[in-house]
Amino acid sequence: MENILYIVVPCYNEEEVIRETAEILKKKLESLIVKKKISTKSKILFVNDGSYDKTWDIIKELNIKSNIFTGIKLSKNEGHQNALLAGLLSVKERCDMAISIDADLQDDVNAIDDMVDRYINGFDIVYGVRKDRKKDSFFKKKSAEAFYKIMNILGAKTIYNHADFRLMSKRALYSLEQFKEVNLFLRGIIPMIGFKYCSVYYSRKERKAGVSKYPLPKMLTFAMNGITSCSVKLMHIIFLTGIFSIILSVVMTIYCLLSLINSKTVSGWTSLMTSIWAIGGMVLVSLGIIGEYIGKIYMETKRRPRFVVSEVLGSSSNKNLKAN
Ligand code: UDP
Ligand code: MG
Numbered sequence: 330m331e332n333i334l335y336i337v338v339p340c341y342n343e344e345e346v347i348r349e350t351a352e353i354l355k356k357k358l359e360s361l362i363v364k365k366k367i368s369t370k371s372k373i374l375f376v377n378d379g380s381y382d383k384t385w386d387i388i389k390e391l392n393i394k395s396n397i398f399t400g401i402k403l404s405k406n407e408g409h410q411n412a413l414l415a416g417l418l419s420v421k422e423r424c425d426m427a428i429s430i431d432a433d434l435q436d437d438v439n440a441i442d443d444m445v446d447r448y449i450n451g452f453d454i455v456y457g458v459r460k461d462r463k464k465d466s467f468f469k470k471k472s473a474e475a476f477y478k479i480m481n482i483l484g485a486k487t488i489y490n491h492a493d494f495r496l497m498s499k500r501a502l503y504s505l506e507q508f509k510e511v512n513l514f515l516r517g518i519i520p521m522i523g524f525k526y527c528s529v530y531y532s533r534k535e536r537k538a539g540v541s542k543y544p545l546p547k548m549l550t551f552a553m554n555g556i557t558s559c560s561v562k563l564m565h566i567i568f569l570t571g572i573f574s575i576i577l578s579v580v581m582t583i584y585c586l587l588s589l590i591n592s593k594t595v596s597g598w599t600s601l602m603t604s605i606w607a608i609g610g611m612v613l614v615s616l617g618i619i620g621e622y623i624g625k626i627y628m629e630t631k632r633r634p635r636f637v638v639s640e641v642l643g644s645s646s647n648k649n650l651k652a653n
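Residue numbers (the numbering used here): 330 to 653.
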C-alpha cells in the first residue's frame with residue numbers, strides 16, 4: 330500500500346483564489362510526503378466546471394510549473410456535485426484515497442492531516458465537520474440547520490454540518506461509482522455506502538476571494554434536490570394528510586348532522602360540507618397511494634447497489650468489492 334493521495338478541487342470561475350489555493354495545497358501535500366504519511370505520487374486535481382474566466386488557463390499554467398498539479402475540464406458547467414463526482418471517479422484508479430475540498434479554502438486544510446491519520450488507522454470515509462458557524466450570517470446559519478433537520482426527518486441521512494470536505498478510500502470510491510443516479514446529492518449518498526467512517530472537526534473560514542457560487546435560489550434548488558433525490562417520504566405525508574382529512578370528515582359529518590337536526594342550517598349546506606371533507610380526503614389518499622407506487626418506481630430507476638461487500642474471506646479475489 331503506497332498511500333497515494335489525490336486532492337480533488339472543483340472550480341467554477343475561481344481565478345481570484347486558485348493560485349493561492351494551489352500553493353497552500355501543494356505545501357500541505359509536501360509536508361505529508363516529508364512525514365512519509367503519503368506517497369510521493371500524490372497529486373492535486375482541479376476540476377474546471379465550465380468556468381468562463383481564466384481558471385482553466387491558470388490550471389494549465391500550474392500543471393506546466395509542477396506535475397503535482399493535474400486537471401480535467403468539463404465541457405460545460407455541470408454544477409458542484411457533478412464536478413466533484415467527475416474528479417473523484419477520474420482519480421479512483423490512480424489513488425488509494427481522495428480528499429475533496431472547495432477551491433475557496435473555506436475548509437481548514439490542516440484537517441487534512443487528521444483525515445490521513447484516520448485513513449491510516451483503517452477508516453474508509455472521513456467526514457470534515459464544521460465545529461461552528463461563527464463566520465456565517467444568521468440567516469445562513471439558521472437555514473443550514475433547518476436544512477439538515479428537515480433532511481433527516483424526511484429520511485435522507487446526512488451528517489450534520491458536513492459539506493463536501495471529506496476523505497474517501499479507493500474502495501469507497503469504487504462503491505460510489507455504483508450509484509448511477511443523475512440527480513446527484515453526494516452528502517446523502519455517501520453515508521449509504523457504509524464502511525468504517527468517522528468525523529474530524531474544524532472551524533470554517535470566510536471565502537478568501539471571489540463570491541459564493543451558491544446564491545439563495547441555487548441553495549434552495551440544491552436543498553430541494555437533496556430531499557427529493559434521497560427520499561420519497563413527502564409522498565407518505567400526502568397519504569397521511571388524506572387519512573387525517575377522512576377522520577376529520579367523520580367529525581364534520583357528525584357536526585353537520587347535529588346542526589341539521591337542530592335546524593340551524595340552510596338547505597344544501599349539510600350535504601355540501603360532508604362531501605367536501607370526504608371527497609378531499611379520498612383524493613389525497615388516492616394521490617398518496619399513487620405516490621407510493623411512483624416512489625417505488627423512482628427508487629428502482631436509480632439502480633442503486635443493493636449491498637456493498639466490505640471484506641471477503643476464503644476467496645482469492647477480494648480486490649474488487651463491487652456490489653450489485
Ligand atoms: N462550484 C462548481 N460548480 C458550480 C458551483 C460551484 O464547481 O456550478 C465549486 C466552486 O468553485 C467551489 C465549490 O464548488 O470550489 C463550492 O462553491 P462556493 O464556495 O461558491 O459555495 P459556498 O461555500 O458559498 O456554499
Ligand atoms: Mg465556499
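Even for Gly, the Cβ is constructed at its ideal location relative to N, Cα and C.
These numbers come from a predicted model, not from an experiment.
query                                                                                                                                                                         : result
My assumption, with CB atoms under 8 Å, is that Ile-388 sits in contact with Ile-336. Please give the rounded CB distance.                                                    : The pair is not a contact, with the Cβ atoms about 13 Å apart (cut-off 8 Å).
Whose CA, out of Gly-379, Ser-404 and Arg-348, lies closest to the CA of Ser-395?                                                                                             : Arg-348
By a C-beta neighbour count over all protein chains shown, 10 Å radius and 16 as the cutoff for buried, is Pro-546 buried or exposed?                                         : exposed
Have a look at Val-579, Leu-569, Arg-633 and Lys-499 and flag the residue whose alpha-carbon is nearest the alpha-carbon of Cys-424.                                          : Lys-499
Hey, which unbroken runs of the beta strand (DSSP E) at 3 residues or more fall wholly within the region 345 to 388?                                                          : 372 to 377
Consult DSSP for Ser-429 and reduce its assignment to one of helix, strand or coil.                                                                                           : strand
Would Glu-352 and Ala-432 qualify as a contact pair, given that the criterion is a beta-carbon distance under 9 Å?                                                            : no
Do you know how far the Cα of Ile-575 is from the Cα of Ile-401?                                                                                                              : 56 Å
Quick one: any contact between the region 549 to 568 and the region 613 to 627, if contact means 3 or more CB pairs under 8 Å?                                                : yes
Looking at Ser-368 and Asn-332, is the spacing between their C-beta atoms short of 9 Å?                                                                                       : yes
Out of Gly-484, Leu-434 and Gly-539, which one is the CA nearest neighbour of Gly-555?                                                                                        : Gly-484
Excluding five sequence neighbours on each side, which residues of the same chain lie with their C-beta closer than 6 Å to the C-beta of Arg-632?                             : Lys-509
Please enumerate, following chain order, all residues with a beta carbon closer than 7 Å to at least one heavy atom belonging to the ligand MG.                               : Asp-431, Asp-433, Gln-435, Arg-536 and Ser-541
Compare the Cα-Cα distances from Phe-514 to each of His-491, Arg-533 and Ser-528 and report the closest residue.                                                              : His-491
Specify whether the region 442 to 459 and the region 525 to 542 touch according to this definition: at least 3 beta carbon pairs, one from each stretch, less than 8 Å apart. : yes
Helix, strand or coil for Thr-599, going by three-state DSSP, please let me know.                                                                                             : helix
Look at the alpha carbon of Tyr-503 and the alpha carbon of Lys-421, and state the distance between them as a whole number of angstroms.                                      : 7 Å
Do Ala-440 and Phe-494 have their C-beta atoms closer together than 9 Å?                                                                                                      : yes
Residue range of the beta strand (DSSP E) that Phe-494 falls in?                                                                                                              : 491 to 498
Just reading off the alpha helix (DSSP H) that Pro-520 is part of, what are its end residues?                                                                                 : 515 to 522
In or out: Arg-635 buried (at least 16 other Cβ within 10 Å) or exposed?                                                                                                      : exposed
Please identify the residue among Thr-630, Lys-460 and Met-628 whose C-alpha is closest to the C-alpha of Asp-437.                                                            : Lys-460
Closest by CA to Glu-506, which one among Ile-522, Gly-379, Val-338 and Gly-517?                                                                                              : Ile-522
Find out if the Cβ-Cβ distance for the pair Ser-404, Tyr-341 is shorter than 9 Å.                                                                                             : no
Does at least one heavy atom of the ligand UDP sit under 8 Å from the Cβ of Gly-408?                                                                                          : yes
Take the Cβ of Ser-644 as the centre, count every other Cβ of all protein chains shown within 10 Å, and call the residue buried at 16 or more, exposed below.                 : exposed
If you reduce the DSSP assignment to three classes, tell me which class Cys-559 lands in.                                                                                     : helix
Using the Cα positions of Tyr-627 and Arg-516, report the straight-line distance between them to the nearest angstrom.                                                        : 19 Å
Could you spell out the range, first to last residue, of the beta strand (DSSP E) harbouring Ser-528?                                                                         : 526 to 531
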